[in-house]
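Undergrad: Same order as they appear, the protein sequences are chains A and B. Residue 224 in the working numbering sits at position 224 of the first sequence; the count goes up by one each step and never skips. Residue 1167 in the working numbering sits at position 388 of the second sequence; the count goes up by one each step and never skips. C-beta atoms are modelled at their ideal positions from N, C-alpha and C, and glycine is treated no differently. Structure below; questions to follow.
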Amino acid sequence: MNTTDISTAPSNWSTQQLAEFLVAVAASTDPPAAMRCAMQWAAEVLEAEVAAVVTGDAVVDMIGFPRGQVPVAALLAAGREAIHLLVLPRVGALHSTSVAVEEIEGHLIVARSGDTGFLPEELGLLRAMGRSLSMTLRTLRMLEQERSLRADVEERAQENLRLLLMVRERQTALERLSKIQVSISRRVPLPEVLNAVVEGAHELLGDEVVGLRLVDHDDPGFVNLVSSVGVSHAMLAATKRSPLTAGAGGRAIVEDRVVIINDYKKDDAAIDEFAGADLQSALAVPIHENGHPVGSITVATYRAGRHYSDTDCEMLVALAHHASIALNDAKAVDQMRHLAYHDALTGLPNRSLFFEHLVRAVANANRTGASLAVLYLDLDRFKLVNDSLGHNMGDQLLEAVAQRLRNSLRTADLAARLGGDEFAVLAENTSAEGATVLAERICNALGDPFRIGGHDLAVAASIGVVVDEAGHTDADSLLRNADLAMYRAKLDGVGQHAVYEPDMHVVASDRAHMEGNLRRAVQLEQFEVHYQPIVWLASGEAIGVEALVRWRREDGTLVPPAEFIPVAEDMGLIMPIGRMVMHTSMRQVREWQRTHANAAGLHLSINLSPRQLYQPGVVAEVVDALNATGFDPAHLTLEITETALMHDTSTVSTRLEELRAVGARIALDDFGTGYSSLTYLRNFPIDVLKVDKSFIDDIACGTDKANLARGIIELGRTMHLDIVAEGIEDPLQVAELVRLRCRMGQGYHFAKPLPAEELGRYLQAQEGTRAARPTILAG
Amino acid sequence: MGIVSAPLVDPEAPATIADRWIGVGSSSAKESRQAGVEAAKAALRSADPKLLLVFASPAHDLQAMLGGIREVAPATPLIGCSTAGEIATDGPSDASVVVTALGGSGFSVATTAARNASADLRQAGAAAAACAENGPAAEHQVLLLLSDGLGGDQQEVVRGAYSVVGGSVPLVGGCAGDDLAMRKTFQFFDGEVLEDSVVAAAINSDAPLGIGVQHGWTRVGAPFLVTASSGTRVLALDDRPALDVYLERLEAPDDARTDPAAFTRFALTHPFGLSRRSGEEVRFIAEANFDDRSIGCIAEVPQGGLAWIMEGDATSVLDATISACTQAVDGLSGRTPLGFLAFDCIARRGVLGSEGIRDEVARIKSYSQGAPVAGFYTYGEIARTHGVSGFHNQTLVVLAFG
Chain A
1 MNTTDISTAP
11 SNWSTQQLAE
21 FLVAVAASTD
31 PPAAMRCAMQ
41 WAAEVLEAEV
51 AAVVTGDAVV
61 DMIGFPRGQV
71 PVAALLAAGR
81 EAIHLLVLPR
91 VGALHSTSVA
101 VEEIEGHLIV
111 ARSGDTGFLP
121 EELGLLRAMG
131 RSLSMTLRTL
141 RMLEQERSLR
151 ADVEERAQEN
161 LRLLLMVRER
171 QTALERLSKI
181 QVSISRRVPL
191 PEVLNAVVEG
201 AHELLGDEVV
211 GLRLVDHDDP
221 GFVNLVSSVG
231 VSHAMLAATK
241 RSPLTAGAGG
251 RAIVEDRVVI
261 INDYKKDDAA
271 IDEFAGADLQ
281 SALAVPIHEN
291 GHPVGSITVA
301 TYRAGRHYSD
311 TDCEMLVALA
321 HHASIALNDA
331 KAVDQMRHLA
341 YHDALTGLPN
351 RSLFFEHLVR
361 AVANANRTGA
371 SLAVLYLDLD
381 RFKLVNDSLG
391 HNMGDQLLEA
401 VAQRLRNSLR
411 TADLAARLGG
421 DEFAVLAENT
431 SAEGATVLAE
441 RICNALGDPF
451 RIGGHDLAVA
461 ASIGVVVDEA
471 GHTDADSLLR
481 NADLAMYRAK
491 LDGVGQHAVY
501 EPDMHVVASD
511 RAHMEGNLRR
521 AVQLEQFEVH
531 YQPIVWLASG
541 EAIGVEALVR
551 WRREDGTLVP
561 PAEFIPVAED
571 MGLIMPIGRM
581 VMHTSMRQVR
591 EWQRTHANAA
601 GLHLSINLSP
611 RQLYQPGVVA
621 EVVDALNATG
631 FDPAHLTLEI
641 TETALMHDTS
651 TVSTRLEELR
661 AVGARIALDD
671 FGTGYSSLTY
681 LRNFPIDVLK
691 VDKSFIDDIA
701 CGTDKANLAR
711 GIIELGRTMH
721 LDIVAEGIED
731 PLQVAELVRL
741 RCRMGQGYHF
751 AKPLPAEELG
761 RYLQAQEGTR
771 AARPTILAG
Chain B
780 MGIVSAPLVD
790 PEAPATIADR
800 WIGVGSSSAK
810 ESRQAGVEAA
820 KAALRSADPK
830 LLLVFASPAH
840 DLQAMLGGIR
850 EVAPATPLIG
860 CSTAGEIATD
870 GPSDASVVVT
880 ALGGSGFSVA
890 TTAARNASAD
900 LRQAGAAAAA
910 CAENGPAAEH
920 QVLLLLSDGL
930 GGDQQEVVRG
940 AYSVVGGSVP
950 LVGGCAGDDL
960 AMRKTFQFFD
970 GEVLEDSVVA
980 AAINSDAPLG
990 IGVQHGWTRV
1000 GAPFLVTASS
1010 GTRVLALDDR
1020 PALDVYLERL
1030 EAPDDARTDP
1040 AAFTRFALTH
1050 PFGLSRRSGE
1060 EVRFIAEANF
1070 DDRSIGCIAE
1080 VPQGGLAWIM
1090 EGDATSVLDA
1100 TISACTQAVD
1110 GLSGRTPLGF
1120 LAFDCIARRG
1130 VLGSEGIRDE
1140 VARIKSYSQG
1150 APVAGFYTYG
1160 EIARTHGVSG
1170 FHNQTLVVLA
1180 FG
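What follows is the structure in structure tokens.
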């Protein structure tokens, strides 16, 4: 009743067992579990004591033998045989059978006690079990492969995703940076660029707070918060301006490096407001301008545990670099803009800017009815300095002049350098009186010598002033008129100012004419040398001549030196003219010395202009002329004016010494009219004093001036200098001069400057009337 | 899980066939310690006890009870468990203590306890079986296992033990009971009262041992295909909700269809029988889920298998008793039994009733030919004599000592 024979069991017993088996094995998650399940099932279903899974050389798993007593060889043997006997201790022989498990190239063995072996149906079932185990193992293997493949793919996908994210991140970062670059190159206003940088930092680094600070140019101990994100209004107000050293940003600037602060509150330099708000971490990077740290960009967070990676630092450095570029660019633009409108050397507005301002000023004056003044300045003697001391000194002098010019103006006045040594001033809302005052003030300011590179340089300015009522004159005309006025001032002398008058146009055009004519005159050799005798006052006998250059124009008119010499000097024509004068006069006087008995020791005085004197080659020129003409330098006197001595005293002194070494004598012309006459006598090798006409004029008047003249003559005698009185015009003067023991003189009283032929006749005449030459003791 | 091995009996002592004895003592004393003392004294009829088996009602203060036994036999290895009724030579009883003593040089015993069994039942079975590995390989050996039937699928305990001893050692035993409360059972190991444990005794004997296994249930009608099951739960039979099929097939009374307790009582005598090569593997039905129409067993019901609904009555159950005893005696190879141990399922007791079990024990005694009988009513039976399977439901297992 309780035992059921298989033979009477439902025919589907094995099928149904197999079904159970399949379900059980299919639930296995890995090969060992599948094999164990198969063994267990096979043993249970077939009521066998032993089940095993073996390969050719190993027992993979087994149940039924006592632990540690597995008969491996016997099992392997059982695996090879379809039918076999296994011995189980205390039980005896077991009928064993094995079926293939192809997937592992092995067998499923089942061994059962009892008298009989396995029935065909049982074997069939077992074979099916073996096959399904095999299939299950294969499926598991494939699943595993797929799983690991999938894991591989998953991992690769994860990796790819990570890379993609990284690339996207980079992409975003690059896009941000390139946007910033574009805005820099488009000269987007600097504040906008800096805002873009700050926003970029916020987006790319993710920190809530970003701040960009720049050092205050006017107050470098402080920084200003120029752009920020995540800073509340209240915080902004409190931290907009902070000491240079404050916060991560401050340290970044001071130490010029990347700064990370991880425990913000604990940091010494923490900005109080932020520390109080529980800021946790900050990363700061310096911003540079021309290589110097001028600011910083800082990102910071209130979140704990923020770790700033190398990538974060690199990112912020890149953003800071862009800010630096923008700053440099802005500065460059500013500089360019400034340069475009300003003179590089002096920093004054240049001609273009000045003109713009002038146009605007005229329009304003037109509208308001106010008057404005334009002053045109030209530095006298600047070319002298440039030529003698070099351009470096000249530049420094210009800078100094510009500074003094600036300082003598009102704030509203505009000074400009037009080029070279020309300056202009625009004074709006200024009357004619005011303009004149301004001109005088400038003259005074420029009147004191400049100390440049160890030298005392005196430059004066010729100033042309034009005043315009209510913008009636256009800017161009104003400038032109101011220029004309300046020329006039120049003609008036040194350090003069002149107010424009309409007739100046004539003078100007005259000058323009003169320049052209002069150039032609040099080419056409229209210059002549005239000679004025220098006589013994006692006898009236000519002891020498002063060579004076004259310009005879085509129409026969003579142009006096005062008119063309300055122009010639400005035009650089003085050297050729001077050379001509030297050669001509030496030759001429030499001739007279030979042909006229009473002129055997005739002296020749030649004027050397300051410009000539500063030329290093002047000594050579003189020597050259002496050699060319065979003139005895003992008879040569070179006349220089006091102006020549005002500059570069050492060079001048040397040159004078050199000239004296040649054998010539040095005469100081127009003595008494300059500032430091006595100093010159002390410092320079002078042989002759030529007392200025102005003193001679008064000498017979019995006035203070006469006393002064006497003083000069006495001075000269005391210093063993020859004295020549200039500009003698009447006998009274002669008598007085003789009385004062001035020995020589010249002037119209004796003869005016004469052409060579006429002077020759003069000398001739003298021969005839020659009296005994008195011996006047210099005493 | 703790493993405690009791020391072995001295292997040097010569074993004579005559030098083996089994004694069974029982006590109905209310006082637990006293009951232990009385039962132990009665069991220890001779010297050199090698093993004490204690089956006691959970109504007792088991610790005190063990203490009483220990007073009588302080050093003898002891295993035992709580019951759902005790069996002694004189007959079945409740709320009593039955002590079986094995002794003499012809026996050698090693014991083990595996604690926290439910954490890993298979491992617990293997650990408990460790006591069978040591010591001399006697000609006749049996591993006696007592476990906590409420702690999970006891098939795993059997498999675990099998993995250690293999097919060479028969397994016998039962699951502890708790007087049908189904709450907590206890196992005894030396002087300790344990829970959730497997206690084992590897008994080596000079003389043969016999094991008989029978259940006494018969099939009702045609088998069903277990179309859906999950572990111990049967979800669908022939693609229909299991509970519906079951109640229908058996034409179950109304109360069984609605009241869980009534159902359990009804199901006690109407188990599943899983189709096996020889016979059926009976599956005890513990309860039903009236909502999802599933039926819960105490051991696994494989999906895809064939299952019968079984039923039984006093006659079939008693017939099974005779069969089991006969089988067990057959194993003694003609020798006179020295004693019987009976592990009887509460389901069979349920069928037999109080009169029936008196009858049953009398029959067992008759087959023991007067030799002492001890045992208890179990929540599951262990017997593996061939094949690999060894856990039974609603079965009688008889171990005969020769």
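Once you ignore the five residues that flank Pro753/A on each side, which residues in its own chain have a CB closer than 7 Å to its CB?
TA: Stepping through the first sequence from its first residue, residue 753/A is reached at position 753. Cβ neighbours of Pro753/A beyond the five flanking positions: His530, Tyr531, Gln532, Leu548.
Undergrad: Looking only at its chain, what residues have a beta carbon closer than 6 Å to the beta carbon of Asp343/A, apart from the 5 residues adjacent to it on each side?
TA: By 1-based counting over the first sequence, the position of residue 343/A is 343. Cβ neighbours of Asp343/A beyond the five flanking positions: Asn350, Arg417.
Undergrad: Check each candidate in Gly882/B, Leu841/B, Ala960/B, Gly870/B and name the one with the smallest Cα separation from Ser825/B.
TA: Here residue 825/B refers to the residue found at position 46 when the second sequence is read from its first residue. When only C-alpha atoms are compared, the closest one is Gly882/B.
Undergrad: With distance defined between alpha-carbon atoms, name the residue in Tyr376/A, Leu164/A, Glu433/A, Ile253/A nearest to Arg488/A.
TA: Within the first sequence, the letter at position 488 stands for residue 488/A. Comparing Cα positions, the closest option is Tyr376/A.
Undergrad: Within 10 Å of its beta-carbon, does Val182/A have 16 or more other beta-carbons around it, so buried, or fewer, so exposed?
TA: Indexing the first sequence from 1 puts residue 182/A at position 182. Exposed.
Undergrad: Using a C-beta cutoff of 7 Å, does Pro1050/B count as contacting chain A?
TA: Within the second sequence, the letter at position 271 stands for residue 1050/B. No, its Cβ sits nowhere closer than 7 Å to a Cβ of chain A.
Undergrad: Counting only C-beta atoms, is Leu1085/B closer than 7 Å to chain A at any point?
TA: In the second sequence, counting from the first residue as 1, residue 1085/B sits at position 306. Output row for Leu1085/B: interface = yes.
Undergrad: Please report the distance separating the alpha-carbon of Phe1170/B from that of Val877/B.
TA: The residue labelled residue 1170/B in the question sits at position 391 within the second sequence. The residue labelled residue 877/B in the question sits at position 98 within the second sequence. Going by the C-alpha atoms only, they are around 24 Å apart.
Undergrad: Run the CB neighbour count on Ile606/A, radius 10 Å, all protein chains shown included, and call it buried at 16 or more, exposed below.
TA: Position 606 of the first sequence, counting from 1, holds the residue named residue 606/A. Buried is the call here.
Undergrad: Applying a beta-carbon distance threshold of less than 7 Å, which residues of chain B neighbour Ala19/A?
TA: Position 19 of the first sequence holds residue 19/A. Residues of chain B passing the Cβ test: Gly1083.
Undergrad: What do you reckon, are the CB atoms on Arg138/A and Glu103/A nearer than 7 Å?
TA: Counting from 1 along the first sequence, the entry for residue 138/A is found at position 138. Counting from 1 along the first sequence, the entry for residue 103/A is found at position 103. Yes.
Undergrad: Express the C-alpha separation of His749/A and Asp611/A in angstroms, rounding to a whole number.
TA: As a working mapping, residue 611/A is identified with position 611 in the first sequence. As a working mapping, residue 749/A is identified with position 749 in the first sequence. In the sequence on display, residue 611/A carries Arg and not Asp. Computed Cα separation, rounded: 31 Å.
Undergrad: How big is the Cα-Cα spacing for Glu918/B and Cys910/B?
TA: Here residue 918/B is taken as the residue at index 139 of the second sequence, counted from 1. Here residue 910/B is taken as the residue at index 131 of the second sequence, counted from 1. Taking the straight line joining both Cα atoms gives about 16 Å.
Undergrad: By alpha-carbon positions, which one of Ser836/B, Ala822/B, Arg938/B, Cys1076/B ends up nearest to Glu810/B?
TA: Position 31 of the second sequence, counted from the start, is the residue given in the question as residue 810/B. Of the listed residues, the one whose Cα sits closest to Glu810/B is Ser836/B.
Undergrad: If we ignore side chains and look at the alpha-carbon of each, how far apart do Pro1081/B and Met961/B end up?
TA: For the purposes of this step, residue 1081/B is taken as the residue at position 302 of the second sequence. For the purposes of this step, residue 961/B is taken as the residue at position 182 of the second sequence. Each residue's alpha carbon lies about 24 Å from the other.
Undergrad: Is the CB-CB distance between Val226/A and Leu236/A below 7 Å?
TA: The residue you call residue 226/A lines up with position 226 of the first sequence. The residue you call residue 236/A lines up with position 236 of the first sequence. Cβ distance not < 7 Å, so Val226/A and Leu236/A don't count as in contact.
Undergrad: Let's test the definition: count the other Cβ atoms within 10 Å of the Cβ of Ile83/A and tell me whether it reaches 16, buried, or not, exposed.
TA: On the first sequence, residue 83/A is found 83 positions in, with the first residue counted as 1. Classification for Ile83/A: exposed.
Undergrad: Who does Ile1088/B pair with in a DSSP beta bridge?
TA: Within the second sequence, numbered from 1, the residue matching residue 1088/B stands at position 309. The partner list for Ile1088/B (beta bridge, DSSP) reads Val999/B, Phe1051/B.
Undergrad: For a contact meaning CB atoms closer than 7 Å, what does Ser113/A contact in chain E?
TA: Going by chain labels, chain E is absent from the structure shown, which instead holds the protein chains A and B.
Undergrad: Given Val153/A, which residues of its chain have a CB within under 6 Å of its CB, disregarding the five upstream and five downstream residues?
TA: For this step, residue 153/A is matched to residue 153 along the first sequence. Nothing meets the Cβ criterion.
Undergrad: What residues from chain B crowd round Val91/A, counting only those whose CB sits closer than 7 Å?
TA: In the first sequence, the residue the question calls residue 91/A occupies position 91. What Val91/A touches in chain B: Gly946, Ser947.
Undergrad: Please give me, in chain order, every unbroken run of the alpha helix (DSSP H) with length at least 4 that falls completely inside the segment 243–308 of chain A.
TA: Runs of the alpha helix (DSSP H) inside the segment 243–308 of chain A: 247–255, 272–276.
Undergrad: For Leu348/A, which three-state DSSP category applies?
TA: Here residue 348/A is taken as the residue at index 348 of the first sequence, counted from 1. Coil at Leu348/A, not helix or strand.
Undergrad: Can you confirm whether Thr15/A, when its beta carbon is compared against all beta carbons of chain B, has any partner nearer than 7 Å?
TA: Stepping through the first sequence from its first residue, residue 15/A is reached at position 15. Judged by the 7 Å Cβ criterion, Thr15/A is not in contact with chain B.
Undergrad: Consult DSSP for Met571/A and reduce its assignment to one of helix, strand or coil.
TA: The residue given as residue 571/A occupies position 571 in the first sequence. Note: Met571/A maps to coil in three-state DSSP.
Undergrad: Please report the residue range of the alpha helix (DSSP H) in which Arg162/A lies.
TA: Within the first sequence, numbered from 1, the residue matching residue 162/A stands at position 162. Element bounds for Arg162/A: 120–185.
Undergrad: Which chain A residues sit within Cβ distance under 8 Å of Ser984/B?
TA: Counting from one through the second sequence, the residue named residue 984/B turns up at place 205. Here the premise fails: no neighbours, minimum Cβ distance about 12 Å.
Undergrad: Here's the rule I'm using: 16 or more other beta-carbon atoms within 10 Å means buried, otherwise exposed. How should Ser149/A be labelled?
TA: Here residue 149/A corresponds to residue number 149 of the first sequence, with the count starting at 1. One point to set straight first is that residue 149/A is Leu, not Ser, in the sequence displayed. Label assigned to Leu149/A: exposed.
Undergrad: Distance cutoff 7 Å, beta carbons only. Does Thr943/B sit that close to anything in chain A?
TA: Within the second sequence, residue 943/B is the residue found at index 164, counting from 1. Residue identity differs from the one stated: residue 943/B is Val in this sequence, not Thr. Closer than 7 Å: yes.
Undergrad: Mind pulling the alpha helix (DSSP H) runs of 4 or more residues that sit fully within the segment 575–644 of chain A?
TA: Taking only runs of at least 4 residues, the alpha helix (DSSP H) segments lying wholly in the segment 575–644 of chain A are 610–614, 618–629.
Undergrad: In this structure, what does DSSP give as the bridge partners for Met744/A?
TA: Taking the first sequence and counting its residues from 1, one reaches residue 744/A at position 744. The partner list for Met744/A (beta bridge, DSSP) reads Trp536/A, Val724/A.
Undergrad: Can you name, in chain order, every residue of its own chain whose Cβ lies under 6 Å from the Cβ of Val921/B, other than the five neighbours on each side?
TA: Residue numbering aside, residue 921/B sits at position 142 when the second sequence is read from its first letter. Pro949, Val951, Ile982, Leu988.
Undergrad: Is the beta carbon of Ala1093/B sitting closer than 7 Å to the one on Val1130/B?
TA: Numbered from 1 along the second sequence, position 314 holds the residue referred to as residue 1093/B. Numbered from 1 along the second sequence, position 351 holds the residue referred to as residue 1130/B. Closer than 7 Å, so yes.
Undergrad: Please decide whether Ser1168/B counts as near chain A, where near means a Cβ-Cβ distance under 7 Å.
TA: On the second sequence, residue 1168/B is found 389 positions in, with the first residue counted as 1. Yes - at least one Cβ of chain A is within 7 Å of the one on Ser1168/B.
Undergrad: Asp873/B and Asp927/B look like a contact to me (Cβ under 8 Å); what is the Cβ gap, rounded to whole Å?
TA: Here residue 873/B corresponds to residue number 94 of the second sequence, with the count starting at 1. Here residue 927/B corresponds to residue number 148 of the second sequence, with the count starting at 1. In fact, because the Cβ distance is near 20 Å, the residues do not count as touching under 8 Å.
Undergrad: Do you know how far the Cα of Met744/A is from the Cα of Leu689/A?
TA: The residue you call residue 689/A lines up with position 689 of the first sequence. The residue you call residue 744/A lines up with position 744 of the first sequence. Looking at the two C-alpha atoms, the distance is approximately 10 Å.
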